[in-house]
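Participant:
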Amino acid sequence: MHKSACHGYGTLRPIIQQLVLVLSLTIEDRTHTMMMQLRHGQQTIPCRRDAPSFTAAGAAAARPVLVLGAAPRSRPRKPQPNACVAQAASGKSPASASPARAVTDSALGASAAAAAVQVGGKLLLQNFAGADNTQLRLSIQLVSATVAGSDGRGVKADAAVLDAVVGSGEAELDVSLAWDETLGAPGAVVVKNHSDFPVYLKLLSVPAGFGADKAAVHFACNGWVYPVDKHPYRLFFTNDACVKEETPSALLKYREDELSLLRGESESADRPFQPWDRVYDYAVYNDLGNPDLRQDLARPVLGGSQEYPYPRRLKTGRPAAKTDPRSETRAPLDEDIYVPCDERVGYGSVPAPTLPPRGGHFGSLADVYKLYGLDDLGRLPDAKAIINSNAPFPIAPRVIAVNPTNWRKDEEFARQMIAGANPVCIKRVTKFPLTSELDRSVYGDQDSKITRDHVERNMGGMTVQQAMDEGRLYVVDHHDWVMPYLKRINELPGEEEKAEISQRKVYAARTLLFLNHDDSTLKPLAIELSSPHPENEKLGAVSAVYTPPDTEDITAGRFSAWEVAKAHAAANDTVENNFVTHWLNTHAFMEPIVIAANRQMSVLHPIHRLLKPHFRKTLHINAVARQIVVGSGDQRKNGSIFRGIHEFTYFPSKYNMEMSSKAYKAWNFTELALPNDLIKRGVARGDPKKPEELELLIKDYPYAVDGLEMWAAIKKWVTDYCAIYYADDGAVARDSELQAWWREVRDVGHGDLSGAPWWLAMDTLADLVEACTTVVWLGSAYHAAISFGQYDYQGFIPNGPSLTTSPVPDAGKEVTESEFLGSITPVTEALGFMSISSGPMALASSGEVYLGQRPDTEQWTSEQSAAAALAEFRGRLKQVAENIERRNADPELKNRTGPVEAPYTLFKPTAQPGPVIRGIPNSITV
1 MHKSACHGYG TLRPIIQQLV LVLSLTIEDR THTMMMQLRH GQQTIPCRRD APSFTAAGAA
61 AARPVLVLGA APRSRPRKPQ PNACVAQAAS GKSPASASPA RAVTDSALGA SAAAAAVQVG
121 GKLLLQNFAG ADNTQLRLSI QLVSATVAGS DGRGVKADAA VLDAVVGSGE AELDVSLAWD
181 ETLGAPGAVV VKNHSDFPVY LKLLSVPAGF GADKAAVHFA CNGWVYPVDK HPYRLFFTND
241 ACVKEETPSA LLKYREDELS LLRGESESAD RPFQPWDRVY DYAVYNDLGN PDLRQDLARP
301 VLGGSQEYPY PRRLKTGRPA AKTDPRSETR APLDEDIYVP CDERVGYGSV PAPTLPPRGG
361 HFGSLADVYK LYGLDDLGRL PDAKAIINSN APFPIAPRVI AVNPTNWRKD EEFARQMIAG
421 ANPVCIKRVT KFPLTSELDR SVYGDQDSKI TRDHVERNMG GMTVQQAMDE GRLYVVDHHD
481 WVMPYLKRIN ELPGEEEKAE ISQRKVYAAR TLLFLNHDDS TLKPLAIELS SPHPENEKLG
541 AVSAVYTPPD TEDITAGRFS AWEVAKAHAA ANDTVENNFV THWLNTHAFM EPIVIAANRQ
601 MSVLHPIHRL LKPHFRKTLH INAVARQIVV GSGDQRKNGS IFRGIHEFTY FPSKYNMEMS
661 SKAYKAWNFT ELALPNDLIK RGVARGDPKK PEELELLIKD YPYAVDGLEM WAAIKKWVTD
721 YCAIYYADDG AVARDSELQA WWREVRDVGH GDLSGAPWWL AMDTLADLVE ACTTVVWLGS
781 AYHAAISFGQ YDYQGFIPNG PSLTTSPVPD AGKEVTESEF LGSITPVTEA LGFMSISSGP
841 MALASSGEVY LGQRPDTEQW TSEQSAAAAL AEFRGRLKQV AENIERRNAD PELKNRTGPV
901 EAPYTLFKPT AQPGPVIRGI PNSITV
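Using the UniProt record's numbering, you'd call the opening residue of the sequence shown number 1 and step up by one each time.
(1) Take Arg643 and list the residues in its own chain whose beta-carbon comes closer than 6 Å to its own, dropping the five residues that flank it on each side.
(2) Look up Thr511 in the DSSP assignment and say whether it is helix, strand or coil.
(3) Are three or more beta carbon pairs between the stretch 794–802 and the stretch 816–836 nearer than 8 Å?
(4) Indicate the three-state DSSP secondary structure (helix, strand or coil) for Cys242 in the structure shown.
(5) Nearest to residue 937 by alpha carbon, out of Gly494, Tyr791, Phe559, Val775?
(6) Excluding the five sequence neighbours on either side, which residues of its own chain have a C-beta within less than 7 Å of the C-beta of Ala866, listed in chain order?
(7) Around the Cβ of Asp270, are there at least 16 other Cβ atoms within 10 angstroms (buried) or fewer (exposed)?
(8) I believe Asp519 touches Lys878 by the beta-carbon criterion, under 8 Å. Please report the beta-carbon distance rounded to the nearest angstrom.
(9) Can you grab the Cα-Cα spacing for the pair Leu204 / Tyr226, in whole Å?
(10) Can you say whether Ser754 is buried or exposed, counting buried as having 16 or more other CB atoms within 10 angstroms of its CB?
(11) So what's residue 949 in DSSP terms, helix, strand or just coil?
(12) Please say whether Pro613 and Asn883 have beta carbons closer to each other than 7 Å?
(13) State buried or exposed for Lys214, treating a residue as buried only when at least 16 other CB atoms are found within 10 Å of its CB.
(14) How is Thr925 classed by DSSP in three states: helix, strand or coil?
(15) Here's a check: name, in chain order, each residue in its chain whose Cβ is nearer than 7 Å to the Cβ of Glu563, leaving out the five neighbours to either side.
(16) CB-CB under 6 Å to His478, same chain, minus the five flanking residues each way: which ones, in chain order?
(17) Put Leu162 into one of helix, strand or coil per three-state DSSP.
(18) Using only the alpha-carbon positions, how far apart do Val476 and Gly875 sit?
(19) Which first and last residues belong to the alpha helix (DSSP H) in which Lys690 is found?
(20) Quick check: what's the CA-CA separation for residue 928 versus Ala727?
(21) Just checking my contact of Leu302 with Tyr285 at CB under 8 Å: how many whole Å lie between their CB atoms?
(22) I'd like to check one pair, Gly317 with Phe362: are the Cβ atoms closer than 7 Å?
(23) Under the three-state reduction of DSSP, which class applies to Gln627: helix, strand or coil?
(24) Is it the case that the Cβ atoms of Ser150 and Leu183 are separated by a distance below 7 Å?
(25) Taking 6 Å as the limit between beta carbons, can you name the residues of its chain near Ala771, skipping five residues before and five after?
(26) Which residues mark the beginning and the end of the alpha helix (DSSP H) in which Arg743 is found?
(27) Among Gln295, Asp747, Gly749, Arg558, which has the Cα closest to the Cα of Glu496?
(28) Thinking C-beta only, is Asn622 closer than 7 Å to Glu591?
(29) Let me confirm a value: residue 946 is counted as buried when at least 16 other C-beta atoms fall within 10 Å, else exposed. Which label applies?
(30) CB Glu695 to CB Arg685, shorter than 7 Å?
(31) Could you give the uninterrupted runs of the beta strand (DSSP E) lying entirely in the UniProt domain "PLAT" (111–239), keeping only those of 3 residues or more?
(32) Which whole-angstrom value describes the C-beta separation of Leu604 and Cys242, a residue pair presumed to lie in contact below a C-beta threshold of 8 Å?
(33) Spell out a yes or no on whether the stretch 422–438 and the stretch 457–477 are touching, meaning 3 or more CB-CB pairs, one atom from each, closer than 8 Å.
(34) To the nearest angstrom, how far is it from the Cα of Ser660 to the Cα of Leu492?
(35) Lys523: which of Lys487, Ala596, Ile426 sits nearest, CA to CA?
(36) Thr816 bridges to which residues according to DSSP?
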C-alpha cells in the first residue's frame with residue numbers, strides 16, 4: 001500500500017475533525033439551539049440542548065426577559081459554558097405581560113374555595129423556541145399534601161395564569177402563586193401550557209414562611225410541559241422522599257396516577273409513540289436489522305428466546321417490517337427515535353456520518369502519526385503539557401502522546417491488560433493446559449495447544465506448576481467467545497457488502513502472562529491464535545503458538561511475526577471491550593433498570609431519587625446507538641447505503657450484537673460488583689463485603705486498586721442514604737414500589753435470565769445496598785473505566801486494532817512496517833473508529849454532570865441527612881482523587897504509567913480541563 005492511499009495528512013485531519021463533530025452529536029449537540037415548535041397541530045422534531053444548572057456561569061450576553069404580572073422583571077440566567085446557549089437579546093424592550101389572575105380549575109381534584117393569598121416564588125425554566133419574542137402562557141396550581149377533596153386527591157389552590165413574552169434560553173423568574181394556608185402544606189404542583197410550543201421546567205421554589213410549617217418548598221421539575229393538546233397537564237412533586245406506604249393520603253392517588261401514565265396503561269398497544277409522550281415500556285432488540293431494505297441487512301431478534309437472550313430495550317411503537325413481521329421498521333436516518341420526552345434533553349436528531357471512500361491500509365507509521373499532528377517519529381513538543389491542554393482535536397492518544405514508540409514493548413502490551421481500555425478480562429490460571437468449554441460434538445477439540453515448553457523458558461527457572469501455586473500465571477482468553485463465529489467472519493464481505501466493508505482475517509486468541517513479583521509487572525509468555533479446521537469445524541481448532549523473540553527489537557521499520565500476533569490478540573480484546581464489557585455490561589444492562597424504575601417507583605421514592613442521576617440520558621444515547629452505531633444499515637436520501645458504524649469498524653461486523661447475546665448467556669449481575677468480579681477472576685482473595693481488606697495478587701493493578709477505593713466510597717454513600725429511609729430488613733420487604741421495581745427488572749427487563757439463582761432476593765437492607773451500589777458503579781465508575789480509555793489506547797490503531805485483514809506470518813519471520821499495517825484496520829475504518837472512540841472528547845466542555853454532583857439542583861432533597869451524606873461522599877471522592885495522584889507519582893509503581901508514560905486516571909472522579917474527558921460522569925451518556 002502506498003502512502004498516497006492515506007490521502008495525506010492535509011486531507012485526513014479535516015475529515016477526522018468533521019467526523020468527530022458529527023459523531024459527538026451522539027454525546028452532546030454542540031451546534032446552536034434550533035427552533036422547536038408545535039403550532040396548529042404540526043410538529044417539528046426539536047434539537048434540544050441540556051438545561052444548565054440552577055447556578056449558572058459563563059457568557060454575559062443579556063437575554064430577553066419574561067415579565068409576570070406586576071412582579072419585577074425576570075433576571076435572565078447566564079448559560080454555563082457549552083450548555084444551551086440562548087440567542088443574544090435583540091435590543092428591543094420586552095413586551096409587558098398581562099396581570100396574573102386567579103381562575104378556578106377543577107380538572108384535577110378539587111380546588112380551594114377560600115380566598116387565596118399571593119405567595120412569591122422563583123421559577124427556573126428553559127425556552128427552546130428560536131424566536132426572541134414568543135408568547136408564553138402557563139397556569140400553575142399548588143396542590144395540598146394534607147387536605148383531600150371528595151375524590152381523595154389533594155385540593156388544588158387557584159391557578160395563576162401567566163401571560164408573557166419570552167426570549168429563548170434559560171430564565172429565573174419571580175412568580176406569584178395562589179395559596180390558602182388552611183390547605184396545610186403543598187405537596188405537588190400542576191402546570192398547564194397554553195402556549196403553542198413546549199417549555200422545559202427545571203425548578204419551582206417558594207421561600208421559607210410559606211405553608212403550614214413555614215418551610216421553604218422546592219419542586220425539582222426537570223421535565224417538559226408540552227401544549228395542552230399534547231400534555232393536558234404535568235404534575236411535579238416536591239423534593240420530599242417517601243415510600244408509597246408513607247405517602248400523605250392526599251398525594252397517594254396523584255402518585256398512582258403518574259405511574260399509570262408512565263406505564264401507558266391508557267394507551268393503545270399499537271400506537272407509535274410521539275415526541276411528547278412519556279410512556280416507558282419494553283421491547284426486544286428487533287430493530288437492529290433492515291430486512292425491508294436488503295435481505296443481507298436483516299439481523300436476528302435479540303431477546304425473548306433461548307438462542308438469543310438479551311436485556312430488553314425501550315418500546316417505540318414503530319410498525320413491523322413488511323418482509324419480517326418479527327422485526328420493527330427502522331426510523332429514517334434524519335428522524336429521532338422515540339424516547340419519553342423527559343429523557344430527551346441535550347440531544348437532537350443526529351445525522352449519520354459520511355466516511356471518505358475506502359482507501360486501503362496505512363503505508364507507514366508516519367502516516368498514522370500525522371493524523372494527530374505528530375512528525376514522522378511521532379514526537380510532539382511539550383507533549384506532557386498537551387495531554388491536559390486545550391489543544392484542538394485530533395490530539396495524540398495518551399499511548400503515544402509522551403513516548404510514541406514504547407507502545408510496541410511487551411511490557412506495555414501486558415500492562416494494558418490491567419491498566420488499559422479493557423482491564424477486566426485477565427484471570428489467574430489454576431489449571432494447565434488451558435481448556436475450552438465449547439461443545440466438542442459441535443466444535444471438536446478446542447483446548448489450548450500452549451505447552452510447558454513454550455512458556456517455561458521465559459519464567460526465570462520456575463515451572464508452570466510453581467507459577468500457578470504462587471499466583472503468578474495469568475491469561476486473557478477470548479477463544480471460546482470468538483471461535484463459533486470465525487468461519488462466518490472470515491467469509492466477509494458477502495457479495496452485496498463488498499463495496500461497504502473490508503475483507504476480514506481473524507483468529508481466536510489466548511494470551512498467557514507471567515507476573516514478576518519484584519515489581520508487579522507482567523510479561524507475555526505466549527499468544528495462541530486459532531482457526532476452525534478448514535475441512536470441518538467438528539475436527540477442532542487449528543492453532544499456532546507465538547512466543548516472544550529472545551531479544552526485543554522495536555527498531556523503526558522492522559516488525560516481527562510476534563508483533564503481528566500481538567496485534568491480532570489486541571483486536572480480540574478491542575472487540576470484546578466494546579461489545580461485552582462496554583455495551584452489554586453498561587448500556588444494555590442499564591436500559592431495563594431505567595425503564596422499570598420509571599414504571600414502578602414514583603419520583604417521590606427515595607431509591608428512585610438516589611438512582612435517577614445515574615439514568616440521565618442513557619435511554620437516548622442507546623436509541624441513537626441503535627439507529628446509527630450498532631444497527632445494520634439504512635438508505636440515505638441520495639440512495640446510498642449507510643452501514644452501522646460498528647459493523648463497518650469492528651471485525652465481527654454483522655455478528656457484533658449477536659455475539660454479545662451469546663455472552664449474555666453467562667451474564668451475572670452479582671458478579672459485576674467489583675469485589676465479586678476480582679475474586680471470581682482469581683486476582684483477589686478475601687471477603688467481598690470488605691473491599692478495603694481484599695488482597696490483590698497483582699499488587700500494582702491500577703484498575704483494581706483505584707476501583708476498590710471508588711467502590712468503597714460509592715457503597716458507603718449508598719449505605720448511608722438507604723439507612724435514612726429503611727430502619728430494618730422488614731422496611732425493605734414491605735416497600736411495594738421497590739419490590740415491584742426489582743421484580744420487573746428480574747422478570748421482564750432481564751426476563752431471559754429471570755430464573756438464574758444469583759438474583760438478589762431484595763428482602764434485606766443488605767440486598768438493597770448491594771443492588772444499588774452495583775447499579776451506581778456500572779452506570780458511573782465502571783463505565784468510565786472501560787469506555788473512556790478507548791481513544792487513549794485503541795484510538796491509535798496499531799496499538800489496539802479493531803479488525804485484522806491478513807494471516808499471521810510464520811513464527812520467527814520478520815515483516816516490514818507496511819506489511820504490519822497492512823494486516824490491521826484499514827484507513828477509512830480507522831477514521832470511523834477513531835471518531836466514535838473519541839466521543840468522550842465532546843463531554844470535556846459540555847457541562848457533563850459528574851459523580852457526586854446532582855444533575856438537577858442543590859434543592860434535590862428536603863432531607864438534610866441525605867444532603868449531608870452526599871457532602872460526605874464528595875469528600876471521599878476528593879480523597880480518592882488525591883490517592884490516585886499520589887500513586888501515579890510513585891516511581892515504584894511501574895504499572896501506573898508504564899513504558900508509554902501515560903498515568904492511569906480513569907477513576908479520577910472529577911472533571912479536568914482539556915479536550916479529552918477526565919472524570920466519572922454520573923451516567924452512561926456515551
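Cβ coordinates follow ideal geometry from the N, Cα and C atoms, glycine included.
Facilitator: Concretely, from the data shown:
(1) Glu500, Gly633
(2) strand
(3) yes
(4) coil
(5) Only positions 1 to 926 of the chain appear in the structure, and residue 937 is not among them; the question remains open.
(6) Tyr721, Ile724
(7) exposed
(8) Wrong, their Cβ atoms sit about 30 Å apart, outside the cutoff.
(9) 17 Å
(10) exposed
(11) This structure leaves residue 949 out entirely; the chain is present only between 1 and 926.
(12) no
(13) exposed
(14) coil
(15) Arg408, Phe820
(16) Ala509, Asn572, Glu576
(17) strand
(18) 36 Å
(19) Looking at the DSSP string, Lys690 is not in any alpha helix (DSSP H), and its letter there is neither H nor E.
(20) The question about residue 928 has no answer, for the chain in this structure spans 1 to 926.
(21) 4 Å
(22) no
(23) helix
(24) no
(25) Leu760
(26) 736–744
(27) Gln295
(28) yes
(29) Lying outside 1 to 926, the shown extent of the chain, residue 946 is not represented and no answer is given.
(30) yes
(31) 117–127, 134–148, 154–156, 159–166, 169–179, 186–193, 199–206, 217–225, 234–237
(32) 6 Å
(33) yes
(34) 19 Å
(35) Ile426
(36) Arg558
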